[in-house]
Structures are given as C-alpha cells and as structure tokens.
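Student: The structure under discussion is supplied below as structure tokens; questions concerning it will follow.
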Amino acid sequence: MPPITVVLSDESLNRHGYRVLTNGIDIKDFKKNPVMLYNHHRSVRHNHPKDILPIGKWSNIRKENGQLLADAEFDEDDEFAQKVAKKFEKGILNTASIGFDFVAISEDPKMMIPGQIRPTVTKSVLLEASIADIPSNPNCHKLSFQGKTLMLSADTAPDELDNILPILSNSQKENKMDITKMVAAALGMPEDVNETQIVAKATELSNQVAKLTADNKTLGDRLAALEQQSTNDKVETLVSAALTAGKITEAQKPHFLKLAAENFDATKDALESMQAYKPITQQLDNKDGDQLSLVERYDELDKAGKLNTLPDEELNLLLDAKMAHLRKSGKAKVTA
2 MPPITVVLSD ESLNRHGYRV LTNGIDIKDF KKNPVMLYNH HRSVRHNHPK DILPIGKWSN
62 IRKENGQLLA DAEFDEDDEF AQKVAKKFEK GILNTASIGF DFVAISEDPK MMIPGQIRPT
122 VTKSVLLEAS IADIPSNPNC HKLSFQGKTL MLSADTAPDE LDNILPILSN SQKENKMDIT
182 KMVAAALGMP EDVNETQIVA KATELSNQVA KLTADNKTLG DRLAALEQQS TNDKVETLVS
242 AALTAGKITE AQKPHFLKLA AENFDATKDA LESMQAYKPI TQQLDNKDGD QLSLVERYDE
302 LDKAGKLNTL PDEELNLLLD AKMAHLRKSG KAKVTA
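Using the working numbering, the first residue of the sequence shown is number 2, and each one after it goes up by one.
What follows is the structure, encoded as structure tokens:
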C-alpha cells in the first residue's frame, strides 16, 4: 500500500472549544521517532493488551497552509496494522489525531474564532500521531501538560479538560460587552452595534476632529495676522502724526515705531506730552515772549559755561536774540 497523506492537525475549532496553532507545533523531536499509534494507545497504558504496538510510522512530516501533514506508512508485518490500513484505504477510518504537550496558551480575544470558549494553544510539542476512529473533531488531539494526560474523544468529561484548558470566564465576555456598550453610548450609537461599526464611527470622528483642528489653526493664524496688521497701522498713525506735528524728526521715527510696538500706551502719552520742535529761525520770528525764551536760554548756557558746546548756527541765533534784547533794553554793551 503506497503512503497516504493525512491531515494530522489544523487550526479549526474542536468540539471542546479550543484550537491549536499549527505554526506553534514543535515537530523536531517527533521527526526523530515518528511512531503511528491507534487511538493514542500504547501497550504500557490504558489497560490494553501488551501486544498492541505501534502500527506504523509517519514520513514526509510538514506544515502547509495552516495544516500539519504527514504520510501514513502502515507496518506490513503486523496483522492488526494491516487491518487498520485496509479500513483506512477503504475510507472506513479516515481521521488522525495528535498527542502533544502544550507549552503556551493565549486568552487574547484577537486569536479567538466564533464559538471558541477555551484559550488558544499557541506553542506545543508534538509527541505522537494516531489513526483515530471517533475523534473529538475531524482533527482530534490528545492533551498533556505538566504530567497531566487527557484523551480527547467524544465522551471526554468536561471537568477533566477544565483542569488543563479551563473555559474562559463569562465575566471576561460580559466585561467586553459592557465596555462595547459604554463606548457605543459615548459615541452616540445604539447598544446593538458591533465592533466594526464602532471603529468606523471612531475613525469618522477622529477625522472630523483633525479637520476642525486644522481649520481652527488656519483661522487663528488669519486672526493673528489681522490683529498684527491693525497694531502696525495704529503704531504708524501715531508716530507719523508726531512727525507731522514736528514733535520728532524723520531720523527718530524708527525708534518711536519700535517703542510704540512694544508699549503703545506709554509711547502715546510720551508723544502727546512733547512740544512741537521749532527751528531757531522760526523762534526768532515769533513774538517777544518767544524771543525772550531764547535770551533766557542764552543766559542759562552762558552761566553754565556751555555756549561753546552749541553748533555754530544755534550759537549765532542765540547771540542775535541776546543782542536784540540788549538793544531793546537800552544797554550799551553786549557780552559775546
């Protein structure tokens, strides 16, 4: 009889509510001793006759598309093995089962599939593979963990399996449902929505928030630019008015623009308190009171010994004002 390819295991859900990930099955040691048993029975266990020995071996052991596959080679010199082989060839027996020691499990909901009530076996070590008559599912398993061994069949007692792979508590499912309802309520959605709808709504709201944030920033930038332009216009108007009034010179304008930009009110008060500048020639043409103020300035500077610090033009004008005053007062001499 030529070798027959058999599915030893896949990632489907079995009748006991758990599943085994194929990529996590360690087959290294099994390849060194790929014995084929019948219904996981060994001659030293399960009160079976001692002449029940391995009925063959497995070859070409490999993993493909989430399945653990192997070719069945029955012992041609064993009468019982040949009986099993004939029934397997005829399709009377057509299932296999693995015995494994699980190393790691996961209760992560993302790894669970509909109907799963027990953890997912993520890592395991393959111990043996058997031809099975009535497995717990089309790919039945024999479990062992930390010295505990369990034959999984249609009549396996649930309590026995609970000691190795306990059913996930209802509280976990209920908590998940409560959280889903809370999130749905927060999003303004009915309670009966599913996770996909919640994610879609959350994504929609997130996109809206991002757009509103961007629009708000754009409006804020525009408002700031308008406010800055308004401030610049107000500063320019204030300083230009002071320049026109003769309170400051063209050379002083940049300085006062800077001051007004930093403290508008203080600069405004300072400019309003300043007298308009009049050239000396214009002051000499004014009334006597204005001319007298020039004389007083001359006397003040003369007394302080600072006349020689004045520019020639201003000194000459002050001298002219002083001389005019002396002539008017009838004094004969003028001190220069």
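Even glycine gets a Cβ: it sits at the ideal position worked out from N, Cα and C.
From a predicted model like this one, the values you see are computed outputs, not experimental measurements.
1) Closest by CA to Ser13, which one among Gly57, Leu94, Asn40 and Pro115?
2) Which residue or residues does DSSP assign as beta-bridge partners of Met37?
3) Go ahead and pull the three-state DSSP assignment for Thr310.
4) Would you call the region 102–115 and the region 54–73 touching, i.e. three or more CB-CB distances under 8 angstroms?
5) Looking only at its chain, what residues have a beta carbon closer than 7 angstroms to the beta carbon of Val240, apart from the 5 residues adjacent to it on each side?
6) Can you tell me whether Arg20 is buried or exposed, with buried defined as 16 or more other CB within 10 angstroms of its CB?
7) Measure the Cβ-Cβ separation of Gly67 and Asp11 and say whether it is below 9 angstroms.
8) Roughly how many angstroms lie between the CA atoms of Asn317 and Ser294, to the nearest whole one?
9) Where Ile132 and Leu38 are concerned, what is the direct C-alpha to C-alpha distance, given to the nearest angstrom?
10) Using C-beta distances below 8 angstroms, list every residue in its chain close to Gln198, excluding the 5 sequence neighbours before and after it, in chain order.
11) Determine the DSSP secondary structure at Val194, reduced to helix, strand or coil.
12) Name, in chain order, the residues that DSSP records as bridge partners for Arg328.
13) Pairs of beta-carbons, one from the region 72–85 and one from the region 21–33, closer than 8 angstroms: are there three or more?
14) Indicate whether Lys248 and Ala267 have their beta-carbon atoms separated by less than 9 angstroms.
15) Which of helix, strand or coil does DSSP assign to Gln68?
Tutor: In short, the structure shows the following:
1) Here residue 13 is taken as the residue at index 12 of the sequence shown, counted from 1. Ranking the options by Cα distance to Ser13, first place goes to Pro115.
2) The residue given as residue 37 occupies position 36 in the sequence shown. Answer is Gly57 and Ala130, bridged to Met37.
3) Counting from 1 along the sequence shown, the entry for residue 310 is found at position 309. Three-state DSSP puts Thr310 in a helix.
4) No, they do not touch.
5) Along the sequence shown, one-based indexing puts residue 240 at 239. Around Val240: Lys254, Phe257, Leu258 and Ala261.
6) What you label residue 20 is simply residue 19 of the sequence shown in a count that begins at 1. A buried status is given to Arg20, since no fewer than 16 other beta-carbon atoms sit within 10 Å of its beta-carbon.
7) In the sequence shown, residue 67 corresponds to position 66, counting from 1. In the sequence shown, residue 11 corresponds to position 10, counting from 1. Contact flag set, yes.
8) Counting from one through the sequence shown, the residue named residue 317 turns up at place 316. Counting from one through the sequence shown, the residue named residue 294 turns up at place 293. Cα to Cα, the separation comes out at about 15 angstroms.
9) Counted from its first residue, the sequence shown places residue 132 at position 131. Counted from its first residue, the sequence shown places residue 38 at position 37. One alpha carbon belongs to Ile132, the other to Leu38, and they sit about 6 angstroms apart.
10) Looking up residue 198 in the sequence shown gives position 197. Counting only Cβ-Cβ distances below 8 angstroms, and skipping sequence neighbours, we find Met190.
11) If you number the sequence shown from 1, residue 194 lands on position 193. DSSP places Val194 in the coil class of the three-state scheme, outside both helix and strand.
12) Numbered from 1 along the sequence shown, position 327 holds the residue referred to as residue 328. Looking at the DSSP output, Arg328 sits in no beta bridge, so it has no partner there.
13) Here the region 72–85 makes no contact with the region 21–33; the two share fewer than three CB pairs at distances below 8 angstroms.
14) As a first step, residue 248 is located in the sequence shown; it is residue number 247 there, counting from the start. As a first step, residue 267 is located in the sequence shown; it is residue number 266 there, counting from the start. With a cutoff of 9 angstroms on beta-carbon distance, Lys248 and Ala267 are scored as not near each other.
15) As a position in the sequence shown, residue 68 is number 67, starting the count at 1. The answer is strand: DSSP assigns Gln68 an E or B state.
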